[in-house]
Each structure stands twice: as structure tokens, then as C-alpha cells.
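Taking our numbering, the leading residue of the sequence shown gets -14, the next gets one more, and so forth. Where is the CB? At the ideal position from N, CA and C, for every residue including glycine. Beneath this line is the structure, given in C-alpha cells, with notes to follow.
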Amino acid sequence: MMDYSKEPVNDYFLIDMKSFYASVECIERNLDPLTTELVVMSRADNTGSGLILASSPAAKKKYGISNVSRPRDLPQPFPKTLHVVSPRMNLYIKRNMQVNNIFRKYVADEDLMIYSIDESILKVTRS
């Protein structure tokens, strides 16, 4: 059996930003990310198809979709209450940097581990 008493002890916050792309798009439009029906969807003009990259919690719940759904999985024509927007990766990167700068107010750079565009790990042992 392993003796964990000799291992270092640290405290971490693991932060996963909820429906990040969809939340950013809602905020940019002054919409509530938790109640607005919104999907971020790529479109392939040459195929007439696309992919839902992100969806707000309200859209996921109402339409039963996930982040691997296709436009055909949504009601046709799209409901008037549903915001369908194109992805803006540069904007998401910019907002990610702003969020991580907020985290830097609370932890040192060496204690901030950026895992992905919507996930960060903060070592808060010294905080």
C-alpha cells in the first residue's frame, strides 16, 4: 500500500468555463448566457452543412443538442428565439486572455496552468 503522507499537499481550483464560446457570444450581444438560446455553428457553404461548436445551456436543454450536433439536429426553419452565430476564434482567445488575467490577480504566474481555451487550473495553496 502506498504511503501518501510523504507526498506534497496542494490545493487547486480546476475551472471549466461553462459553454465558453456560447457565453462569449451572448455577452457580446448583451444577452444572458444562462437563459438565451444560442448556438455557435460553423457552416460549410460547399456542402450545405456545418457543425455546432458550442451551445448555451438553454439551447442544449430545449433542443437536446450537444457540441457535436449538426444543423439538421435543430428544428427547421430555425426558431426565432434561437440565435445562430458563426465562430469568432480570435474573440474567444482575447476573452480567454482577459479571464486568465483576472486569475493572475489571485495567483502567481507559476501557479496558473492554462489547460485549454476554456479551462484553467489555479494552484491556491499559497493564496
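### Bridge partners - residue 29, DSSP secondary structure assignment
To locate residue 29, count along the sequence shown from 1; it is residue 44. The bridge partners DSSP lists for residue 29 are 34.
### Query
From 36, 19, 88, 89, pick the residue whose C-alpha is nearest to that of residue 72; which is it?
The count along the sequence shown starts at 1 and reaches residue 72 at position 87. Measuring from the Cα of residue 72, the nearest candidate turns out to be 36.
#### Entry: Pairwise C-alpha distance: residue 22 and residue -14
The count along the sequence shown starts at 1 and reaches residue -14 at position 1. The count along the sequence shown starts at 1 and reaches residue 22 at position 37. The straight-line gap from Cα to Cα measures roughly 51 angstroms.
### Task
Report the partner residues of residue 70 according to the DSSP bridge assignment.
Translated into positions along the sequence shown, residue 70 becomes position 85. Beta-bridge pairing links residue 70 to 25.
### Query
With DSSP run on the structure shown, which of helix, strand or coil describes residue 107?
Counted from its first residue, the sequence shown places residue 107 at position 122. Reduced to three states, the DSSP call for residue 107 is strand.
### Query
Over what stretch of residues does the beta strand (DSSP E) that includes residue -3 continue unbroken?
To locate residue -3, count along the sequence shown from 1; it is residue 12. It spans -3 to 1 - the beta strand (DSSP E) in which residue -3 sits, taken as one unbroken run.
### Task
Mind reading off the beta-carbon distance from residue 43 to residue 50? Whole number of angstroms is fine, and I expect it under 8 angstroms.
What you label residue 43 is simply residue 58 of the sequence shown in a count that begins at 1. What you label residue 50 is simply residue 65 of the sequence shown in a count that begins at 1. Actually they are not in contact, since the Cβ atoms of residue 43 and residue 50 sit about 11 angstroms apart, beyond 8 angstroms.
### Query
Which word fits residue 60, buried or exposed, when buried means at least 16 other C-beta atoms lie within 10 angstroms of its C-beta?
Taking the sequence shown and counting its residues from 1, the one referred to as residue 60 is at position 75. By the 10 Å Cβ count, residue 60 comes out exposed.
### Query
Measuring CA to CA, which of 102, 101, 97 is closest to residue -3?
The count along the sequence shown starts at 1 and reaches residue -3 at position 12. If we check each option's Cα against that of residue -3, 97 comes out closest.
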